[in-house]
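S.K.: First, the structure itself, so that you have it in front of you.
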């Protein structure tokens with residue numbers, strides 16, 4: 024259960040306007056309790072004449088690459104056989120799913136209580152809420168519907184209809200946990216729009232949606248909920264984008280209600296405003312959590328294209344933010360199209376029309392290329408996908424005129440000052456002797472702690488570095504693993520010691536007030552950033568933070584990173600300012616493919632990438648005592664989370680000792696050049 028202390032801490036992060044809005048929400052929740060006994064409304068709630076006109080143009084499905092189509096069909100067949108996997112947990116009941124079941128704990132959330140009475144964050148009461156919510160985003164239904172559209176096999180359409188009818192019957196408005204969080208309703212609406220679009224050739228599509236009172240009842244109440252309960256203030260992060268995107272898409276495609284014009288206008292305004300608030304001028308998402316950059320970009324593109332296809336004017340400012348976000352994504356990925364593993368990641372998608380074989384990031388860049396035209400410096404290799412040709416076919420203008428008048432980076436950006444994100448990069452090179460040196464990619468973190476007063480999806484990772492060789496994690500960001508139910512693991516994966524940076528006196532740099540709240544934020548100041556240029560260039564980065572200023576002597580941690588492309592060498596300098604000495608722990612987390620042989624202060628690293636064996640040497644600071652830790656669970660250490668709900672043991676090199684203002688800890692990483 025949520026403690027009284029949590030409520031006090033949460034209240035302390037709100038301003039007067041947000042507090043007033045939440046008080047209004049309490050009164051609104053009392054009024055919504057009356058919906059529990061409301062029957063499906065009669066015809067006065069929706070227009071008598073209803074047609075679905077948000078159709079795909081003729082012939083567009085023929086543009087889907089064969090490999091992408093087969094990937095969707097394979098994924099759909101797994102669902103048809105009853106199999107799915109959510110966050111590392113296998114489900115075998117997807118023929119007839121229990122929409123309230125958490126298969127991880129075996130618990131069922133109540134589906135007969137008023138939604139706002141359910142303690143959905145309490146795993147002992149409902150199970151793992153993420154496991155329950157994810158299937159009800161109905162993104163498996165968009166995959167099944169896409170398989171129908173590509174094959175005309177009615178089995179897929181019939182299964183979609185069975186699941187929708189089952190869900191609608193089990194989850195009437197304001198009963199159960201699926202009517203609590205606006206992000207879930209927004210994404211679900213977006214899924215329903217695409218399900219109806221992809222099923223259009225099926226004879227039962229109209230009877231399932233526009234001729235079905237239960238479907239109309241659900242669509243209307245979803246939008247009524249989103250209009251009433253917007254995420255606000257310190258919670259207005261990616262959730263508010265999903266709420267606006269879902270309502271905009273639904274009010275454009277399902278414009279069957281008297282309120283539809285107002286819902287469209289309000290949602291378009293909200294989407295435009297919140298995209299700007301959630302995005303730095305450079306195009307990086309302000310949550311500084313890369314997977315949420317992807318989620319917001321997916322939602323924004325899908326909603327804006329939906330409005331554009333419906334003939335609703337989309338502000339130029341909306342397209343410009345989406346274009347900048349796409350350019351920023353193209354700039355930060357490595358040569359395998361992997362972006363940084365920064366901040367929280369929960370494997371959340373805005374719109375799924377592809378099978379798991381298609382790279383999310385390649386798909387987003389392909390869509391950006393189709394809408395905005397790629398810059399010359401963008402990565403070249405884009406995987407073919409289903410989603411891009413369908414979105415591109417719906418988009419009419421996509422802000423092309425406005426985007427053409429705005430200057431875009433002519434060279435590959437490597438430093439984003441507003442986000443404090445710097446990429447040092449040594450490109451793939453062939454030596455005169457004919458040996459190929461793989462790309463060395465380094466992310467340096469010198470930005471704000473997170474977004475808004477609670478920085479919900481931030482980690483205590485100031486000045487951390489992340490190093491890859493040809494896309495393989497060498498010095499890795501460990502990831503996220505979980506949100507609810509396992510507080511010791513949530514704390515570890517967010518902690519300072521869980522990242523490649525320096526911890527003082529057994530304290531995190533920033534102070535946690537709960538699993539999605541920080542009550543004190545470390546402030547980081549960039550001192551210098553000069554990304555390396557070319558095969559023989561040298562890069563330099565330096566920043567400091569005040570996260571330990573409350574300790575005796577008010578110490579500051581300063582880190583400098585030097586990158587020598589010609590030598591394939593990275594040097595990290597860590598120093599502490601202040602009058603006193605402090606206990607220190609310096610961590611370097613190795614990726615899951617990296618094997619290590621620690622000999623004194625020297626770590627010999629080796630890994631395999633494809634058929635090639637690579638190596639590197641990490642010379643560790645002699646001032647500290649070094650040990651290798653792997654998969655420890657008493658006090659967690661030595662873990663890596665590839666995706667939400669999954670973790671695996673890796674090796675963490677941990678140096679312990681004391682440091683003071685005259686000490687400089689020097690770490691040198693040399694690749695096999």
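Residue numbers (my numbering): 24 to 696.
Just so it is clear, CB atoms sit at the ideal spot from N, CA and C, and this is done for glycine as well.
1. Excluding sequence positions up to five away, which residues of its chain have a Cβ less than 7 Å from the Cβ of residue 393?
2. Which one of 537, 525 and 587 has the shortest CA to CA distance from residue 687?
3. For residue 590 versus residue 460, is the C-beta distance shorter than 8 Å?
4. Which residue from 431, 267, 367 and 513 puts its Cα closest to that of residue 538?
5. Keeping to the same chain, check which residues put their C-beta closer than 7 Å to that of residue 377; ignore five residues upstream and five downstream.
6. Helix, strand or coil for residue 369, going by three-state DSSP, please let me know.
7. When you compare the region 665 to 685 with the region 630 to 650, are there three or more beta-carbon pairs, one atom per stretch, that lie closer than 8 Å?
8. Would you identify the three-state DSSP class for residue 254, choosing helix, strand or coil?
9. According to DSSP, residue 635 sits in a beta bridge with which residue or residues?
10. Quick check on residue 519: does DSSP put it in helix, strand or coil?
11. Inspect the beta-carbon positions of residue 693 and residue 639 and report whether they are closer than 8 Å.
12. Kindly list the residues whose CB is nearer than 6 Å to the CB of residue 327, restricted to its own chain and excluding five residues on each side of it in sequence; keep chain order.
13. Does any residue of chain D have a CB that is nearer than 8 Å to the CB of residue 108?
14. Taking the alpha-carbon of residue 123 as reference, which of 183, 202 and 168 has the nearest alpha-carbon?
15. Could you give the distance in angstroms between the alpha-carbon of residue 188 and the alpha-carbon of residue 242?
16. Between residue 254 and the rest of its own chain, which residues show a CB-CB distance below 7 Å, the 5 nearest in sequence each way excluded?
17. Going by DSSP, which residues form a beta bridge with residue 641?
18. Are residue 136 and residue 198 closer than 8 Å when you measure CB to CB?
19. Taking the CB atoms as reference points, tell me whether residue 534 and residue 446 lie closer together than 8 Å.
20. Nearest to residue 521 by CA position, among 672, 439 and 540, is which residue?
21. Going by C-alpha to C-alpha distance, which of 127, 551, 148 and 178 sits closest to residue 133?
22. So the beta strand (DSSP E) residue 467 belongs to, where does it begin and stop?
23. In angstroms, rounded to a whole number, what distance separates the CA positions of residue 288 and residue 276?
24. Could you pull out every residue in the same chain whose Cβ sits closer than 7 Å to the Cβ of residue 272, ignoring the five residues on either side in sequence?
25. Quick one: any contact between the region 221 to 241 and the region 68 to 84, if contact means 3 or more CB pairs under 8 Å?
26. What whole-angstrom Cβ distance do residue 530 and residue 504 have, given they're in contact under 8 Å?
27. How would you call residue 314, buried or exposed, if buried means at least 16 neighbouring beta carbons within 10 angstroms?
28. Evaluate residue 151 with the Cβ neighbour count: other Cβ atoms within 10 Å of its Cβ, from every protein chain shown; 16 or more gives buried, anything less gives exposed.
29. For the alpha helix (DSSP H) that contains residue 102, what are its first and last residues?
30. Taking the alpha helix (DSSP H) that residue 155 belongs to, which residues open and close that run?
31. Tell me which residues share the same chain as residue 209 and place their Cβ nearer than 7 Å to its Cβ, disregarding the 5 neighbours each side in the sequence.
32. The alpha helix (DSSP H) that contains residue 167, what's its start and end?
33. Using a 10 Å radius around the Cβ and a threshold of 16 neighbouring Cβ atoms, would you call residue 493 buried or exposed?
34. Which class does residue 514 belong to by DSSP, given the choice of helix, strand or coil?
35. Return the CA-CA distance between residue 575 and residue 563, expressed in angstroms with no decimal places.
36. Could you give the residue range of the beta strand (DSSP E) that holds residue 592?
M.R.: So, to answer that:
1. Position 370 of the chain shown, counted from the first residue, corresponds to residue 393. Once the five neighbours on either side are set aside, the close Cβ partners of residue 393 are 411 and 415.
2. Your numbering for residue 687 matches position 664 in the chain shown. Nearest option by C-alpha distance: 525.
3. Counting from one through the chain shown, the residue named residue 590 turns up at place 567. Counting from one through the chain shown, the residue named residue 460 turns up at place 437. No.
4. Locating residue 538 in the chain shown gives position 515, where the first residue counts as 1. The option with the nearest alpha carbon to residue 538 is 513.
5. Locating residue 377 in the chain shown gives position 354, where the first residue counts as 1. Shown here for residue 377: same chain residues with a beta carbon closer than 7 Å to its own, the five before and five after excluded, namely 91, 94, 95, 386, 408, 409 and 410 in chain order.
6. Here residue 369 refers to the residue found at position 346 when the chain shown is read from its first residue. Coil.
7. yes
8. The residue labelled residue 254 in the question sits at position 231 within the chain shown. If DSSP states are grouped into helix, strand and coil, residue 254 belongs with coil.
9. Sequence index remark: in the chain shown, residue 635 carries index 612 (1-based). Residue 635 has 632 as its beta-bridge partners, per DSSP.
10. Here the question's residue 519 lines up with position 496 in the chain shown. Coil at residue 519, not helix or strand.
11. By 1-based counting over the chain shown, the position of residue 693 is 670. By 1-based counting over the chain shown, the position of residue 639 is 616. Contact flag set, yes.
12. Residue numbering aside, residue 327 sits at position 304 when the chain shown is read from its first letter. So the qualifying residues of the chain are 337 and 341.
13. Included in the structure is just one protein chain, with no chain D present.
14. The count along the chain shown starts at 1 and reaches residue 123 at position 100. Checked all of 183, 202 and 168; the closest Cα to residue 123 is 202.
15. If you number the chain shown from 1, residue 188 lands on position 165. If you number the chain shown from 1, residue 242 lands on position 219. So the alpha carbons of these two residues sit roughly 13 Å apart.
16. Within the chain shown, numbered from 1, the residue matching residue 254 stands at position 231. The beta carbon of residue 254 is closer than 7 Å to those of 205, 262, 263 and 266 in its chain, skipping five residues each way along the sequence.
17. As a first step, residue 641 must be located in the chain shown, where it is residue number 618. DSSP, once it has assigned bridges, lists 626 and 692 as partnering residue 641.
18. For this step, residue 136 is matched to residue 113 along the chain shown. For this step, residue 198 is matched to residue 175 along the chain shown. Yes, these two residues count as a Cβ contact at 8 Å.
19. Residue 534 sits at position 511 when you count from the first residue of the chain shown. Residue 446 sits at position 423 when you count from the first residue of the chain shown. At the C-beta level, residue 534 and residue 446 stay beyond 8 Å of one another.
20. Taking the first residue of the chain shown as 1, we reach residue 521 at position 498. For residue 521, the closest C-alpha among the options 672, 439 and 540 is that of 672.
21. As a first step, residue 133 must be located in the chain shown, where it is residue number 110. Comparing Cα-Cα distances from residue 133 to each of 127, 551, 148 and 178, the minimum goes to 148.
22. For the purposes of this step, residue 467 is taken as residue 444 along the chain shown, with counting starting at 1. Here the beta strand (DSSP E) through residue 467 covers 463 to 468.
23. Working through the chain shown from its first residue, we reach residue 288 at position 265. Working through the chain shown from its first residue, we reach residue 276 at position 253. Roughly 14 Å between the two C-alpha positions.
24. Taking the first residue of the chain shown as position 1, residue 272 is located at position 249. Within the same chain, residue 272 has close Cβ partners 212, 213, 216, 325, 326 and 329.
25. In the pairwise beta carbon analysis, the region 221 to 241 is classified as touching the region 68 to 84: at least three pairs are separated by under 8 Å.
26. Residue 530 sits at position 507 when you count from the first residue of the chain shown. Residue 504 sits at position 481 when you count from the first residue of the chain shown. Their Cβ separation, rounded to whole angstroms, is 22 Å, which puts residue 530 and residue 504 out of contact at 8 Å.
27. Here the question's residue 314 lines up with position 291 in the chain shown. Buried, because 16 or more other Cβ atoms sit within 10 Å of the Cβ of residue 314.
28. Translated into the one-based positions of the chain shown, residue 151 becomes position 128. Counting C-beta atoms within 10 angstroms of its own C-beta, residue 151 has 16 or more neighbours from the protein chains shown and is therefore classed as buried.
29. Residue mapping note: residue 102 aligns to position 79 of the chain shown, counting from 1. If you look at residue 102, you'll find it in the alpha helix (DSSP H) that goes 89 to 103.
30. Reading the chain shown from its first residue, position 132 is the one you call residue 155. Per DSSP, residue 155 belongs to the alpha helix (DSSP H) from 152 to 156.
31. For the purposes of this step, residue 209 is taken as the residue at position 186 of the chain shown. Same-chain partners within the cutoff: 249, 265, 266, 268, 269 and 270.
32. Residue numbering aside, residue 167 sits at position 144 when the chain shown is read from its first letter. Note, residue 167: alpha helix (DSSP H), 162 to 174.
33. Within the chain shown, the letter at position 470 stands for residue 493. Result: buried.
34. What you label residue 514 is simply residue 491 of the chain shown in a count that begins at 1. Residue 514 falls in the helix class under three-state DSSP.
35. One-based indexing of the chain shown puts residue 575 at position 552. One-based indexing of the chain shown puts residue 563 at position 540. Answer to the nearest angstrom: the Cα atoms are 31 Å apart.
36. Translated into positions along the chain shown, residue 592 becomes position 569. Start and end: 592 to 600.
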